[in-house]
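So the structure is just underneath, and the comments pick up after that.
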Amino acid sequence: MMAEDKSLPTVQKKFMDYLKKQGKSSSTILAYNNDLAQFTEFLGKRQITQVTAVGKDQIEEFKEYLAYNKYLPKSASRKLNAIKSFFRFLKGQGLIEANPSEQVGYPQYETKPPRILTQMEYRSLRDAVRNDIRIAAVVELLLQTGMRIGELARLELDDLKDNQVRIRAYESQPERTVVLNTAAKKALDKWLEFRPKTKVKNIFVTKTGKPFLIRNIRTIINRYFREAEIKETTINDLRHTFIAHQLASGASLVLIQKLVGHKRLSTTEKYLSLINQSPEAKVKLEEL
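Numbering follows our numbering, with no gaps: position 3 of the sequence shown is 83.
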C-alpha cells in the first residue's frame, strides 16, 4: 500500500479545496494560497518538502525572516494566521500528529482605533459625490446601514423589498435584514433609475453592465475622500462611523450588533470607548 503523499504542495492544495467547500471568498483563498506558497518556498530553500518535517522552530524562523525583510507586523500576523489555519486543518484531517504552530505567538503591533468621521466630514463627502449618482448611493448605503463593502458589492436586485435590503449569508456570516432610512432609500432609488440595463443581477454595476468590484469601489471612494480633503480615512470607516454615531445617539448595543452583523457583542462594545454615550438606549436609529 502506497504511503499518503504529504508533500507541502499536495497538502496545500487539499487545504485550498477545503476552503472552497467552506464557501470562503476567492480573495480569502487567494491570500491564504499566496501566504502558504511563500512559506513553502522558504521551507524548500531549507530542504524541507514534507509537512511532517515542519516544526515550531521552522515557523519561528519564518517569523524572523519576515521581520528581517521589513514586513509590517500586521502583514506578518496575517501570514502566520494562514499558517496556523493550515496546520489546524492538517491536524483535523489526521495528516500530522501534532500542530507545530500551536505555541507560536503572533507579532506584536499597535492596533489603531477605528476612524470616526465627524458630521462635517461626512457632509463634505456627500458634497464631493453629489454628481456621481452611483457612488452617492454607495456612500449612503454604507453610512446609513453600516454594511460591509463586500456585502454591498454582492447585493442583488432580488434583495430589495420596499424599504428593506436582505444581506445574504456569506462565509460564516448569517443572513440578516437591514431597514433603509429615507436618505439611503432616496439615494438608492435614484441610482436604480439610471442603472444600466444588464443581465447582471448585482445592484451596483459598471457603465458596461458588469459587477462593480470591491477594489474599484474602494479606489473611487478613496479619490472622493481626497477631493473632500478627508485625511487618513478608508471606506471601512463609513461602517465605523455608522456604529459609533448610532451608539452615541443612544441605540442599544444588541440592536447595533444585529444590524451590522457582529458575531460577538464584545466587538460592538469596543466602540463605546470612542464615544460619549447617551444615558438611555433608544430603539429608533438616527439618520446621519
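Just so it is clear, CB atoms sit at the ideal spot from N, CA and C, and this is done for glycine as well.
Asked, Found
"Helix, strand or coil at T90 [DSSP, three-state]", "helix"
"Counted within 10 angstroms of its Cβ, other Cβ atoms place N282 as buried (16 or more) or exposed", "buried"
"Residue from L260, K350, L232 with nearest C-alpha to Y250", "L232"
"Every unbroken alpha helix (DSSP H) within the stretch 171 to 234, with a cutoff of 4 residues, ordered by chain", "199 to 209, 213 to 225, 229 to 234"
"Backbone secondary structure at A331 - three-state DSSP", "strand"
"First and last residue of the uninterrupted beta strand (DSSP E) at R246", "244 to 247"
"Reference T321; option with closest CA among G289, R228, R246", "R228"
"Start and end residues, alpha helix (DSSP H) containing T299", "294 to 307"
"From T257, L237, V334, residue whose alpha carbon lies closest to that of T225", "T257"
"Classification of D137 by the beta-carbon crowding that lies within 10 angstroms, buried from 16 upward", "exposed"
"Y151 (DSSP reduced to helix, strand or coil)", "coil"
"Residues bridged to Y250 [DSSP beta-bridge criterion]", "Q253"
"Coarse secondary structure for Q337, derived from DSSP in three states", "helix"
"Given 8 angstroms, three or more beta-carbon pairs between the stretch 145 to 157 and the stretch 196 to 210", "no"
"A245 to L223 span [Cα, whole Å]", "The sequence given here places Val at residue 245; Ala does not occur at that position. Using only the alpha carbons, I get a separation of about 15 angstroms."
"Euclidean distance between Cα positions of E360 and E366", "Legend: pLDDT at E360 = 45, less than 50; position of this residue unreliable, no value from coordinates given."
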